Structures are given as C-alpha cells and as structure tokens.
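Here the structure is laid out as structure tokens; the discussion comes afterwards.
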Amino acid sequence: MNFVEAISRFIVGGTLVLIVSWMGKMKNPYISGLIVLFPVVTLVGYYFLSLSIDGQALQKVVLVTFLALPTTIAFLGTVYFTITKMAAVKSLALGLLSWFIAAALIIVFDRCFLHIMFK
291 MNFVEAISRF IVGGTLVLIV SWMGKMKNPY ISGLIVLFPV VTLVGYYFLS LSIDGQALQK
351 VVLVTFLALP TTIAFLGTVY FTITKMAAVK SLALGLLSWF IAAALIIVFD RCFLHIMFK
C-alpha cells in the first residue's frame, strides 16, 4: 500500500465516521444505523484490492466476506441485547468479543470442512 492509497482510505473512513455521527444528532438518529452498514469501506477496499489481485482472487475474497457475515450478526446481536443492561463501552466490548468468537468458529469450520480460506 502506498502513501496515497493509505491517505485515501483514511479520508474515506473518517468521512464515514463523521457522517454517521452527524446523522445520529439529527431529528431521526435511527437512520445512522443504516448509514453504518453502507458498504463504502467494503467498496473502497475491494477497489484497492482489484488493483493488486486478479478477478479470480477477488472473487475468493468476496466469498470469504460472505462467510464472515455471521461475525457482524454476532456483534450486532450482542450489542442489541446488552446495550440497555450495561454501559455502552462494555456492551460494545462484549460485542467485539462476540465478533472474535464467531470469527474463530468460522475459521475452524473452514479449516475442517470448507477449505476456502485455508487450503
């Protein structure tokens, strides 16, 4: 990754955080939940990957992204069910722990059965 690419990623990511923060302070803060899942980071990530790998390799990256969707569900589910019972930071930390556990389970499942990520 060169300097321009790193700065581009930083700017796009920072802009997304600013938009979500701004949307959260508006009349209807719930729309920020939709904006958080806007795939701009994924879009930019796949674009930069496409500059360095061929289409077949990028297709495999997309497949692994599909496999990783349960990690997001684990994170969001944990935060949803714990956010009213504990401080937001603790809820988010527990959500992150859930994400790591789900990711580890996916890796083990892939290694034992699918052999997509690890051949």
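Per our numbering, the very first residue in the sequence shown carries number 291; after that it's consecutive.
Every residue gets a Cβ at the ideal spot worked out from N, C-alpha and C, and that includes glycine.
Computed from a prediction, not measured in an experiment: that's the story for all the values here.
* Asked: Quick one: is T368 buried, meaning 16 or more other Cβ sit within 10 Å of its Cβ, or exposed?
  -> buried
* Asked: In whole angstroms, what is the alpha-carbon distance linking A394 and Q346?
  -> 25 Å
* To do: Classify M269 as helix, strand or coil using the three-state DSSP reduction.
  => A query on residue 269 cannot be resolved here, the shown segment of the chain reaching from 291 to 409 and no further.
* Just how far apart, CA to CA, sit V331 and G303? -> Their backbone Cα atoms lie some 7 Å apart in a straight line.
* Asked: With 16 as the cutoff for other CB atoms within 10 Å, does A296 come out buried or exposed?
  -> The residue in question, A296, is exposed, as its Cβ has fewer than 16 Cβ neighbours within 10 Å.
* How about F365 and S388: are their beta carbons less than 8 Å apart? -> yes
* Secondary structure of L327, DSSP reduced to three states -> coil
* Rounded separation between H405 and I363 - CA only -> Rounded to the nearest whole angstrom, the C-alpha separation of H405 and I363 is 22 Å.
* Determine the DSSP secondary structure at K407, reduced to helix, strand or coil. => The sequence shown places Met at residue 407, rather than the Lys named in the question. DSSP places M407 in coil when its eight states are reduced to three.
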